[in-house]
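First up is the structure itself, then whatever we jot down about it.
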Amino acid sequence: NVVFTAVFIKLVLSDVWSWESALMVSSILSATDPVAVIVALNALGAPLKLSSLIAGESLLNDGSAVVVFQVLKETVQVGGDKQCPDLTAGCVGLVFLRLAIGGVAFGFGVGWLLARLLQISHDPLVEVTLVLVAVYGTFMIAEEWAKMSGVLAVVVLGLYFAMYAKTKLSKHAHEMHHHVVSQAAYVSTQAIFLVAGVLSDRFFFASTHNETSHWWEVVVLYLFIHVSRGAVILILYPYLSTHGYGLKWKEIVIMTYGGLRGAVGLAMALIVEHNEFIDAETKDKVFLYVAGIVMLTLYVNGTTVVGLYKFLDPYPLDPFRLVYLAKALHMVETTWRAEVETTYKSHWFFQNASIDEIMLCIPDLRTVHFPKGNRPELVPPLSVSDAMAKVDARCKAKYVAQQLKQKREDKDDI
1 NVVFTAVFIK LVLSDVWSWE SALMVSSILS ATDPVAVIVA LNALGAPLKL SSLIAGESLL
61 NDGSAVVVFQ VLKETVQVGG DKQCPDLTAG CVGLVFLRLA IGGVAFGFGV GWLLARLLQI
121 SHDPLVEVTL VLVAVYGTFM IAEEWAKMSG VLAVVVLGLY FAMYAKTKLS KHAHEMHHHV
181 VSQAAYVSTQ AIFLVAGVLS DRFFFASTHN ETSHWWEVVV LYLFIHVSRG AVILILYPYL
241 STHGYGLKWK EIVIMTYGGL RGAVGLAMAL IVEHNEFIDA ETKDKVFLYV AGIVMLTLYV
301 NGTTVVGLYK FLDPYPLDPF RLVYLAKALH MVETTWRAEV ETTYKSHWFF QNASIDEIML
361 CIPDLRTVHF PKGNRPELVP PLSVSDAMAK VDARCKAKYV AQQLKQKRED KDDI
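Per the working numbering: the sequence shown = residues 1 to 414.
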């Protein structure tokens, strides 16, 4: 994908790009951030298979993109501290191996150590602190001291933690860990978008970048990254269709369209922007391209992927399964309502309760239907206010009946 995009940028979009700069910006644009797509698919009830394919691909893709970016960034720099000053193929290859393999090995080692520490700790605060120190410490040590890929190290640490170390957390630490890590991830993502948004205002509306040709370049590049992403998936389709989860053509369309660009790409663009050894023109165009692509994918793809999923309907439900599901729900509802009639209505504790009106406020599973063969829908139950109105009307009717009965008894006595 990096090669396809770089060739397009260099030969089609603008010849002012050097091959090194084109490859660098292509590595940035290859990192995906499908969080919005996954949330939308989960809301639609999409199978876990599709979300796992998109999220798993993004997880490993982002780590690989960062490694490629770190290598290519040095080829664009003029001066400064470089790991390969002479930029020979052998040196670049060794740096790539150290970043990739070293990061994976370091993340695996920290994950193993974290699992052992969590096994002997039973304090939720200590356990969550260990996880946070492991994550941020792994990145800082790998990136700054060991000169490995901090992103790949953290990715492998996360995979190891999910497979082996998470079960070592105590009962109370699980929920605390979920909330703390989710909040840290949310704050980090929002901070990146905030800083990128402030800088984007300068690039989008500055006099040197508001030319129509620059905007057309962003739009054309936005269209091409979908073609490039789809082409890469199709190249790998013979293998993907016969291994693992398998892959269908509708899933290919959704995976291609759902490759949003987000926080990871913006973070790499910010690294370029603050690198004093890269010329100003290259930095400006890199940030313009990345910020423009991120904005378009979020606003266009992120808001229309739901409609695309509904149109393709990649996982239609079996009609026989729908029939049996409706019958099972009907049986559950009938059994439960019979239990209400025989147990709750006759129980002394519920003698003053309006059971019939309460039942009107509870969804009736016997009304389930599948209008479009997707998610089941129910006939809406009665609202609480309407149910209270029925209770009030019944009480008034009961009071009037009691008054009439009392009058008849008084008349008979007279």
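By construction, the Cβ of each residue, glycine as well, lies at the ideal position given by its N, Cα and C atoms.
Quick caveat: nothing in here was measured; it's all calculated off a predicted structure.
Item, Value
"Along the chain, where does the alpha helix (DSSP H) that runs through Arg-408 open and close?", "384-413"
"Alpha carbon to alpha carbon, what distance is there between Asp-313 and Gly-79?", "53 Å"
"Within a Cβ cutoff of 7 Å, which residues of the same chain sit near Lys-248, ignoring the five residues on either side of it in sequence?", "Pro-314"
"CB Leu-152 to CB Gly-63, shorter than 7 Å?", "yes"
"Where does Gln-403 land, buried or exposed, given buried means 16+ other C-beta within 10 angstroms?", "exposed"
"If you compare alpha carbons, which of Ala-263, Tyr-324 and Ala-280 is closest to Ile-293?", "Ala-263"
"By Cβ distance, which residues of its chain are closer than 7 Å to Ala-115, with the 5 residues on each side in sequence left out?", "Tyr-164, Ala-165 and Lys-168"
"For a test of the three-state rule: what should DSSP assign to His-369, helix, strand or coil?", "strand"
"Please report the straight-line C-alpha distance between Lys-285 and Leu-118, rounded to a whole angstrom.", "46 Å"
"Sorted by chain position, which residues of the same chain lie with C-beta nearer than 8 Å to Asp-279's C-beta, five sequence neighbours on each side aside?", "Val-78"
"Mind checking whether the beta-carbon of Ser-14 lies closer than 6 Å to any heavy atom of the ligand FAD?", "Inclusion of the ligand FAD in the displayed structure is not the case, the ligand content being empty and no account of it being possible."
"Going by DSSP in three states, Glu-144 sits in which element: helix, strand or coil?", "helix"
"Taking a contact to mean a Cβ-Cβ separation below 7 Å, would you say Leu-260 touches Gly-230 in this structure?", "no"
"Give, in chain order, every unbroken run of the beta strand (DSSP E) that is at least 3 residues long and sits entirely within the segment 41-110.", "none"
"Taking 6 Å as the limit between beta carbons, can you name the residues of its chain near His-330, skipping five residues before and five after?", "Arg-366"
"Taking the straight line between their C-alpha atoms, what separation do you get for Val-16 and Ser-51?", "39 Å"
"Classify Asp-33: buried if its beta carbon has 16 or more other beta carbons within 10 angstroms, exposed otherwise.", "buried"
"Taking the Cβ atom as the reference point for each residue, do Pro-124 and His-172 lie within a distance shorter than 7 Å?", "yes"
"Tell me the rounded alpha-carbon separation between Leu-325 and Ala-40.", "25 Å"
"Start and end of the alpha helix (DSSP H) containing Tyr-164?", "Per DSSP, Tyr-164 belongs to no alpha helix (DSSP H) and is neither H nor E."
"Quick check: Gly-102 and Met-140, are their CB atoms within less than 7 Å of each other?", "no"
"Using the three-state DSSP reduction, which class does Glu-276 fall into: helix, strand or coil?", "coil"
"Buried or exposed for Val-131, please, with buried defined as at least 16 other CB atoms from any protein chain shown within 10 angstroms of its CB.", "buried"
"Less than 7 Å separating the beta-carbons of Leu-113 and Thr-138?", "no"
"Using the rule of at least 16 other Cβ atoms within 10 Å of the residue's Cβ for burial, across every protein chain shown, is Asn-352 buried or exposed?", "exposed"
"State the Cα-Cα distance for the pair Lys-407 and Cys-395, rounded to the nearest angstrom.", "18 Å"
"So Ile-9 and Met-255 are in contact, right, with Cβ under 8 Å, and what is the actual spacing, rounded?", "So it is not a contact: roughly 23 Å between Cβ atoms."
"List the DSSP bridge partners of Glu-377.", "His-369"
"Looking only at C-alpha atoms, which of Leu-360, Glu-377 and Cys-361 sits nearest to Val-368?", "Glu-377"
"Between the C-alpha atoms of Leu-44 and Gly-258, what's the straight-line distance to the nearest angstrom?", "15 Å"
"From this set, Tyr-245, Glu-127 and Asp-412, which residue's C-alpha is nearest Glu-57's C-alpha?", "Tyr-245"
"Just how far apart, CA to CA, sit Leu-94 and Gln-70?", "13 Å"
"Quick one: grab the DSSP three-state call for Ala-31.", "coil"
"Compute the beta-carbon to beta-carbon distance between Ile-28 and Ala-269, rounded to the nearest angstrom, for a pair I have assumed lies under 8 Å.", "6 Å"
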